[in-house]
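Asker: Structure in C-alpha cells, see below.
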Amino acid sequence: MSSNLINSINGPVVTIKGPTDLTMQEMVYVGSKKLIGEVISISAERTTIQVYETTTGLRVGEEIIGTGAPLSATLGPGIISNIFDGIERPLEDIEKTDGAFIGTGSSIPSLDPERKWDVTIKVSVGDELRGGDIYATCPETPLIEHRCMVPPNLSGRVSAVMTNGQYTVNDCVVKLVDKDGVEHELTLCQKWPIRVERPILKRMPIERPLITGQRVIDTMFPIAKGGTAAIPGGFGTGKTMTQHQLAKWCDADIIVYVGCGERGNEMTQVLKEFSELIDPKSGQKLTARTVLIANTSNMPVAAREASIYTGITLAEYYRDMGYHVAIMADSTSRWAEALREISGRLEEMPAEEGFPAYLPSRISQFYERAGYTVSLNGAEGSVTIIGAVSPQGSDFSEPVTQNTKRFVRCFWALDKSLAYARHYPAINWNTSYSEYVDTLNRWYSANVGREFMADRQRIATLLHEENDLMEIVKLIGSDVLPDDQKLVIETAKVIRVGFLQQNAYHAEDTYVPLEKQLGMMKVILYLYDQCAAMIKKGHAISAILETGIFGEVVKIKYDVPNSKLEMLDDYYTKIDQALAAVI
Amino acid sequence: MSLKIVGLSEINGPLVALDGIHGAGYEEMVELELQDGTTRTGRIVQMDGDRCIIQVFEGTRGLSLQNTTTTILGHPVEMSLSKELLGRVLNGSGRPIDGLGEIYWEKKEDINGKPLNPVSRTYPRNYINTGISAIDCLMTLIRGQKLPIFSGSGMQHNKLAAQIVKQANIAAEEGQEFGIVFAAMGVTNDVADYFRRSFEETGVMDRVVMFLNLSNDPIIERILTPKCALTTAEYLAFEKDMHILVIMTDITSYCEALREFSSSKGEIPGRKGYPGYLYSDLASLYERAGVIDTAKGSVTQIPILTMPNDDITHPVPDLTGYITEGQIVLDRSLDQNGIYPPISVLPSLSRLMKDGIGEGYTRADHSAVSNQLFASYAKVQDAKALASVIGEEELSASDKLYMDFGKAFEHYFLDQGFDTDRTIDETLDLGWDLLSILPQSELDRVDNKLLEEKYHPERGAALLKEMRGEA
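Line order of the protein sequences matches chains H and S. Residue numbers for the first sequence follow the UniProt record's numbering, beginning at 1 and rising by one. Residue numbers for the second sequence follow the UniProt record's numbering, beginning at 1 and rising by one.
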C-alpha cells in the first residue's frame, strides 16, 4: 500500500488525493510533526481529515499515518483531579515539556505511566467475567474509589491474577481467556472511542433530584439526576458563574467540567478555587471529585469540537462504576460554532445561519447520553448534563438555543435586565421551565416536606400575578392599584430579593439546604396570608409596610444561618407582633 | 529553503495563485519581486496539490501574470523583537516608518503566537487604578484583563483611552517597568495623531510602541497588525518583565478587513457576511492577555470597537463580549448631555473585578457600594421609563427620589471630566454619599453593620441641595 500524502491544506482541514486504506473517524498522525487528526469524510477522489492542532508550517506531500483505531479516550485511574485539553492530553504535563505556551505534536500519555496505584484484585482464577464486571479497585482520590471494569465487548474466564499491591496504569493485573481461547491482558486502563456511547444494561426512570443548594433551581426549576438542562444567556448574564456554583455545590459524586472555547482566565480561576475550596459534605477539597477539560477559545478549533465528547465519555465511564456524575459544558454554542467552522472549510451546504444541517442531530446525540442507568455490572449511576448556551446577539430564537430547547427538559433562561440590576442568579422565572417538577414531586414530599410542591406553586403563582400587574404599573404607576394587588407586588418583591436572589459570595447564602428553602417559603407565604387578612379587614397596606417587617423577611437569607434553622420559627411571632402593632 | 518562481497563475483581489510549488509550508511567508525592483510580502493561505493561494499584504496593484518573481521564504510571518521597539512607530506589519532606521532585533517570533496553557496562567487579581470613578468603582480594571470599550462613531472613546493611559498606575511595584503597545487598525490619520500627541503630552512616548495601519492602508496588512502588536506585547511582558497595556483601535475595522479577505477567498459567510471563524479569530487575539507563573510582567488589553449603528447585538461587539472579561459601554444620550466619560453603567461589567477588590486590594466596602449603586441605578431606569409615560410630576415620592439620585449620580459620579483624577477612597466615599440620598430601607444589598458606619443622610441631602443650587 502506498503511503498517504497530504494534497491540500485549508486551516484545520487537510485532504489526501485518491482512495486510501483509512477508515471513517480513524485517528491519524499528520505530517512530520505528527499532529493529531481524525478522518471525517472519504470519497473515491479524496479523504478529508480534520487536524486537532495548528497546521502552520505543514507541507503538501508530507505523510499521514493511520492508527487503525478511532479517536479514543484513555480511561483509568488518574483522571479525577486532572486537567486535560479537548483530546485528553494532560495540560500539567504539557507545561513541563513545552513551557507556558502549548506547542504542537505533543504525544504525552493521558494518564501518568509512572504513578503507582494501590490495587486490590476482586477476582480469582477460574471466575467467569463479562463486560462491565469489576476486576480490581484502587483509591483514586480520598473520595473516589476507582473500579476497573472489563471492557464492554470482552468476556471470558480468568486465567491468572496478580497479588494485591502497587501497579501502574499499564501493568497487567488480570489475564482473561475468551471463548476462542485467546488470552487478554487486563491493565488498569482501557480505551473507548469518544463518539460512541458506552453500553448499559437498562435505563431507569428519573425520579431523584440533583440538589444544588441554589433556591431558584431547587425550588422553582429543579433538575433530576440523569436529567438535562440548558443555561442560555447573553454575555455578562452569569452563565459561567451559575455553572461554577453548580459544580461547587451540587450533590453529584463526580463533576466533569468542560471549558469549551471559553476564556483561559476562567479555567485558571476554576483550577485555583477548586483546589482551595473544601466540600462541606465530605471535608475534602473539591478537586478530589472534579475533572477539568479545558479547551480555551484560542486553542485549536477541531479539538474544541472533540472536547464535549471527551467529557461525556469520561462521565459515562464513572457512571458505569456506580457514581452519579454531573457534566457541565461551557459553552455548547462554541462547540456548535466549531462544527460550523469545520463544515464551512469542507464547503458543505449550510442550513440556518451558516450552521450545518446536521446540527440538531449532533445536539440531540449529545444530550441523549445523559440518563439514570443500570450499568453492565448492575450498578446504578447517572449522568446529568448541564449545558450553557451563548446565543448570538442574546437572541433566543437562534438555531443553537432553539435546537437545544427541543432536547433538554430543564431550561434556565438568563436575563440581561436582571443581570444589569445585579440580580444573581439572573434566571428569569417567567421564561424558564423544568419538566421535572412532576416527576420529582414524590421525592420532595417524602424527603423534604409534603407541602413543598404546593408552596412552590403558590410562590410561582404570586410571581406570575406580579408579572401581569407590572404591565399596568409600567403604564400608570403603582399608586392606582387597590391594596390587595399592592400586597401581591410587595410580596413578589420579597420573593425576588429575599428568595430568588442568592449571593454566591456570602458564606451562608452560597449554599442553602432544602429544609431552609422550605422554611423560607413558609415564612413568606405566612406573611402574605396574614397581610391579606388584615387588608380584607380594611387596614391600609402603607401602614403594614411602615412596620419594616417586609425588609426583615427579605434578610432571612443572611440572618438565619444554615445550622440554626429553628430561628425561622421566631419570624412567625415577629410577623404577628408587627401586624398587631398596626391595629 | 528559498524557492524562486517566475510568473503567477491568477490574480484576484488581494489574492494570487501560483502553480507548480513543491516544499512550501502552510501559512509561510513569500516575497514577490516586481520588475521595477520593488518587493511585496505575502502569506500562503491555502494549498491544493501544487497550487498555492497567497495573500499579498501590500495589495496586488501593478501585478501581472508575467512581471513577478516569487520567493518562498520557508518560515511563517515573523515579528522582529527587541527592547529598542519602545518609542518607535511601525507600520501594520511591523516595519519602522518613523525614519529612524532599522531595528536591531534580538529574536524573531511567529506572529500567530501559541495558545497559553491554562495551567500556566496566574489568575489576575491586582487592580489598576485608572482614576476614573465609574471604572474604578463599578467595573474595576485588573492587570492581565481584556476589557474592551464598546463605543459608536462620534463618541469619545479615544479620549477615554487616552485618559486611562494618562492616569493609570500600571506598574505599582518598585522596579517594574511599564509600557504601552498601541495598534491602530483602519483609523484615520487624525485619530492616530491624537494618540501620538496625547502620549507625548503625558510624557510616555518613549515607552510606547505604535503600530499604524491607517484607513487607507491595505486591508491584508490590517489583519496582521494586532498579531504583530500582541507578539511584541508578549515579548516585552513575558521576557522583559514589563507591565504592558495594549490599546487596539478599531476592532470593527479589523473584522471588516477579515470579512473582505474571506469573501475574496470565496468562503461560506456566517452572520452578516462575516466568516464563520470570526469567533476563533477574535479569541486568538483577546486570549493573548494575561499573567503567567514564570514571568513578572503582564499583558492587559483595552480593545476599542465602534458598534455599527450603536447595535450591541452586531456580530463584532457580540462575539467580543463573549470572549473578553467584561466591557465598558459608552452611551450616546449621556454623551449628548455633555457627560464625560459617557459610560453606560448598567450594561458595563468587569468579570475579574470580584476577586481583585475588597480588603487587601481596594477597600473592604468596595463590593457592597458597587452592588448597591448598580441596583439603585437600575431602579432609576424604571422610574425614568415610568416618567416618560405619566410625566415626572405624577411619580410617587419614592420614584421622585430615585430620579434625583439618578441625576446626582450622573452629575457627580460619572461626569468627572478629562482632568479629574480620583483616588479609590474618594470614589468609594462619593458612592456612599450618593447612596445616602436614598432612604436606608432601600439599600437592600448592604448589611446593617456597614450601613451604620457609612450611611450619612445629611451628606446625601447636601449633595442634592448643591446640585439644585447649581441648576
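For each residue, glycine too, the CB sits at the ideal point set by N, CA and C. Since the model is a prediction, treat every value here as computed from it, not as a measurement.
Could you check whether the Cβ of S:M1 sits closer than 8 angstroms to any Cβ belonging to chain H?
Answerer: Low local confidence applies: a pLDDT of 49 at S:M1 is under 50, so the model's placement there is unreliable, and no value is given.
Asker: Among H:F366, H:A302, H:I308 and H:V60, whose alpha-carbon lies nearest the alpha-carbon of H:I342?
Answerer: Looking at the Cα atoms, H:A302 is the closest of the given residues.
Asker: Quick check on this structure: which residue in H:D178, H:I200, H:R198 and H:V173 has the alpha carbon closest to the alpha carbon of H:T187?
Answerer: Checking every option, the nearest Cα to that of H:T187 belongs to H:V173.
Asker: Cβ of S:I302 versus every heavy atom of the ligand GTP: is any distance shorter than 7 angstroms?
Answerer: Judged by which ligands are present, the structure shown has none, so any question about the ligand GTP falls away.
Asker: For H:P19, count the other beta carbons within 10 Å of its own beta carbon; 16 or more makes it buried, fewer makes it exposed. Which is it?
Answerer: When all chains shown are included, H:P19 counts as exposed.
Asker: Pull up the DSSP beta-bridge partners for H:A329, would you.
Answerer: Partner(s): H:V258 and H:G387.
Asker: Apart from the five residues just before and just after S:Y322, which ones in its own chain have a Cβ nearer than 8 angstroms to its Cβ?
Answerer: Cβ within range, chain order: Y279.
Asker: Please report the straight-line C-alpha distance between S:D447 and S:D433, rounded to a whole angstrom.
Answerer: The straight-line gap from Cα to Cα measures roughly 17 angstroms.
Asker: To which residues does DSSP link H:Y433 through a beta bridge?
Answerer: Beta-bridge pairing links H:Y433 to H:F411.
Asker: Have a look at H:Y167, H:A315, H:I427 and H:E337 and flag the residue whose alpha-carbon is nearest the alpha-carbon of H:S375.
Answerer: Closest by alpha carbon: H:A315.
Asker: Determine the DSSP secondary structure at H:C250, reduced to helix, strand or coil.
Answerer: Correct three-state label for H:C250: coil.
Asker: Do S:V246 and S:T300 have their beta-carbon atoms positioned less than 8 angstroms apart in this structure?
Answerer: Closer than 8 angstroms, so yes.
Asker: Output the residue ranges of the alpha helix (DSSP H) runs that lie fully inside the stretch 320 to 384 of chain H and measure 4 residues or longer, sorted by chain position.
Answerer: As far as the stretch 320 to 384 of chain H is concerned, its whole alpha helix (DSSP H) runs of at least 4 residues are 332 to 345 and 359 to 367.
Asker: Measuring only the C-alpha atoms, how far is S:K384 from H:G226?
Answerer: Rounded to the nearest angstrom, the two C-alpha atoms are 46 angstroms apart.
Asker: I'd like to know whether the C-beta of H:P350 is nearer than 8 angstroms to at least one C-beta of chain S.
Answerer: Yes, H:P350 lies at the interface with chain S (some Cβ there is under 8 angstroms from its Cβ).
Asker: Can you grab the Cα-Cα spacing for the pair S:S151 / H:V28, in whole Å?
Answerer: Whole-angstrom Cα-Cα distance: 46 angstroms.
Asker: Examine chain H for any beta-carbon lying closer than 8 angstroms to the beta-carbon of S:E201, and answer yes or no.
Answerer: Not an interface residue.
Asker: Where does S:A24 fall in DSSP's three states?
Answerer: DSSP places S:A24 in coil when its eight states are reduced to three.
Asker: Between H:P205, H:W249, H:I144 and H:A421, which has its C-alpha nearest H:Y436's C-alpha?
Answerer: Closest option to H:Y436, Cα to Cα, is H:P205.
Asker: Sorted by chain position, which residues of the same chain lie with C-beta nearer than 6 angstroms to H:T219's C-beta, five sequence neighbours on each side aside?
Answerer: Cβ within range, chain order: R456 and Q517.
Asker: I'd like to check one pair, H:I144 with H:I80: are the Cβ atoms closer than 8 angstroms?
Answerer: Going by C-beta atoms, H:I80 is nearer than 8 angstroms to H:I144.
Asker: Nearest CA to the CA of H:L35: which residue from H:G66, H:F274 and H:G393?
Answerer: If we check each option's Cα against that of H:L35, H:G66 comes out closest.
Asker: Please work out which residues of its chain come closer than 6 angstroms, Cβ to Cβ, to H:P199, disregarding the five sequence neighbours upstream and downstream, and give them in chain order.
Answerer: So the qualifying residues of the chain are P152.
Asker: Apart from the five residues on each side of it in sequence, which residues of its chain come closer than 6 angstroms, Cβ to Cβ, to H:Y570?
Answerer: The question names Tyr, but residue 570 of chain H in the sequence shown is Asp. The answer is none, since no qualifying residue turns up.
Asker: Chain H partners of S:N112, CB-CB under 7 angstroms?
Answerer: Here the neighbours are T56.
Asker: Anyone know if the C-beta pair for H:F221 and H:C410 falls short of 8 angstroms?
Answerer: It is a contact, given that the beta carbons lie within the stated cut-off.
Asker: According to DSSP, which residues form a beta bridge with S:C228?
Answerer: Paired residues: none, contrary to the question.
Asker: Which residue spans inside the stretch 158 to 229 of chain S form an unbroken beta strand (DSSP E) run of at least 3?
Answerer: Taking only runs of at least 3 residues, the beta strand (DSSP E) segments lying wholly in the stretch 158 to 229 of chain S are 177 to 187 and 208 to 214.
Asker: To the nearest angstrom, report how far apart S:I339 and S:D318 are at their CA atoms.
Answerer: Looking at the two C-alpha atoms, the distance is approximately 26 angstroms.
Asker: Beta-carbon within less than 6 angstroms of S:L334's beta-carbon, same chain only, minus the 5 sequence neighbours each way: which residues are those?
Answerer: Excluding sequence neighbours, S:L334 sits near P342.
Asker: Indicate whether at least one CB of chain S lies closer than 8 angstroms to the CB of residue 585 of chain H.
Answerer: What the structure shows of chain H is the stretch from 1 to 583, and residue 585 of chain H is not part of that stretch, so it cannot be assessed.
Asker: Can you tell me which of the three DSSP states H:F101 falls into?
Answerer: Three-state DSSP puts H:F101 in a strand.
Asker: Check whether chain H comes within 8 angstroms of S:G360, counting only Cβ atoms and requiring the distance to be less than that.
Answerer: Closer than 8 angstroms: no.
Asker: Return the CA-CA distance between H:T120 and H:C189, expressed in angstroms with no decimal places.
Answerer: Going by the C-alpha atoms only, they are around 15 angstroms apart.
Asker: Just to confirm before moving on: does the CB-CB distance between H:M328 and H:Q245 stay below 8 angstroms?
Answerer: For H:M328 and H:Q245, no; Cβs fall outside 8 angstroms.
Asker: S:R121 by DSSP, collapsed to three states: which one?
Answerer: Strand, per DSSP.
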